[in-house]
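Per the working numbering, the sequence shown starts with residue 1110, numbered consecutively. Notes follow once the structure below has been shown.
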Amino acid sequence: MKIAIFLLTILSTTNLLYSQEPVKEADGHTILVQLENLVNDEGTALIALYNEDGFMKKAPVASGKSSISDGKAEFRFENVQPGTYAVVALHDTNGNHRMDFDSNGMPLEGWATSNNDMTPGPPNFDSSKFTLGEDLELTLRF
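If you want it as structure tokens, here you go:
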């Protein structure tokens, strides 16, 4: 009888162990980017996530686009590994997927960066950077 109880205990414990889902490695984090104060609902919002090495020089780590409604847009970066990043967003009113400038070099379309740095001139990584260590929500204002 003792052997039967012992075997039953072993079998039920083994079943419990195998019914558990395997532990996964961290899949990364989510960055929810909310854009506010876009001047109108024309075109789309283009959003790019950069690391320091590629900031505005190379392809972004991740990118996407979002429709605009009531001067607001939202985009979610999924599975982003911990690190230091910056987000840049462009209100692409004419759908040509790039920033348009007038003859003296001033932007014709709105843009924003993480930390809402409004310093004149092109975006700067140091003033736009943030450290990602957990899921994060960012609000960028145009």
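In this text, a Cβ means the ideal position worked out from N, Cα and C, and glycines have one as well. Computed from a predicted structure; not experimentally measured.
Q.
When you compare the CB positions of M1165 and P1216, do they come within less than 8 Å of one another, or not?
A. Within the sequence shown, the letter at position 56 stands for residue 1165. Within the sequence shown, the letter at position 107 stands for residue 1216. No. Outside cutoff.
Q) Three-state secondary structure (DSSP) at D1209? A) Sequence index remark: in the sequence shown, residue 1209 carries index 100 (1-based). Residue state, collapsed to three classes: coil.
Q: Go through its chain and collect everything with a Cβ distance to E1243's Cβ below 7 Å, but skip five positions before and after it.
A: Numbered from 1 along the sequence shown, position 134 holds the residue referred to as residue 1243. Result list for E1243: H1138, in chain order.
**Q.** Supposed contact pair F1184 and G1173 - C-beta distance, whole angstroms, cut 8 Å
**A.** Here the question's residue 1173 lines up with position 64 in the sequence shown. Here the question's residue 1184 lines up with position 75 in the sequence shown. Their Cβ separation, rounded to whole angstroms, is 5 Å, which keeps G1173 and F1184 in contact under 8 Å.
Q | Proximity of F1239 and N1224 at Cβ, strictly below 8 Å | A | The residue given as residue 1239 occupies position 130 in the sequence shown. The residue given as residue 1224 occupies position 115 in the sequence shown. Cβ atoms of F1239 and N1224: closer than 8 Å.
Q: Go ahead and pull the three-state DSSP assignment for S1223.
A: Position 114 of the sequence shown, counting from 1, holds the residue named residue 1223. Three-state DSSP puts S1223 in a helix.
Q: Would you identify the three-state DSSP class for F1234, choosing helix, strand or coil?
A: Here residue 1234 refers to the residue found at position 125 when the sequence shown is read from its first residue. In the structure shown, F1234 sits in a helix (DSSP, three-state: H, G or I).
(Q) Beta-carbon within less than 6 Å of G1204's beta-carbon, same chain only, minus the 5 sequence neighbours each way: which residues are those? (A) The residue you call residue 1204 lines up with position 95 of the sequence shown. Around G1204: G1152.
**Q.** Identified DSSP bridge partners for E1145
**A.** On the sequence shown, position 36 is the one that residue 1145 refers to. For E1145, which the question treats as bridged, DSSP gives the partners R1250.
Q: Compare the Cα-Cα distances from A1221 to each of D1201, S1178, D1211 and N1160 and report the closest residue.
A: In the sequence shown, counting from the first residue as 1, residue 1221 sits at position 112. Here the closest residue by C-alpha is D1201.
Q: Rounded to whole angstroms, what's the CA-CA distance from F1234 to L1199? Just pull it up for me.
A: Here residue 1234 refers to the residue found at position 125 of the sequence shown. Here residue 1199 refers to the residue found at position 90 of the sequence shown. Approximately 16 Å between the Cα atoms of the pair.
Q. In the DSSP assignment, what are the bridge partners of I1156?
A. Within the sequence shown, residue 1156 is the residue found at index 47, counting from 1. According to DSSP, I1156 bridges with G1173 and A1198.
(Q) Checking the sheet assignment: what are the DSSP bridge partners for G1192? (A) Position 83 of the sequence shown holds residue 1192. Per DSSP, L1241.
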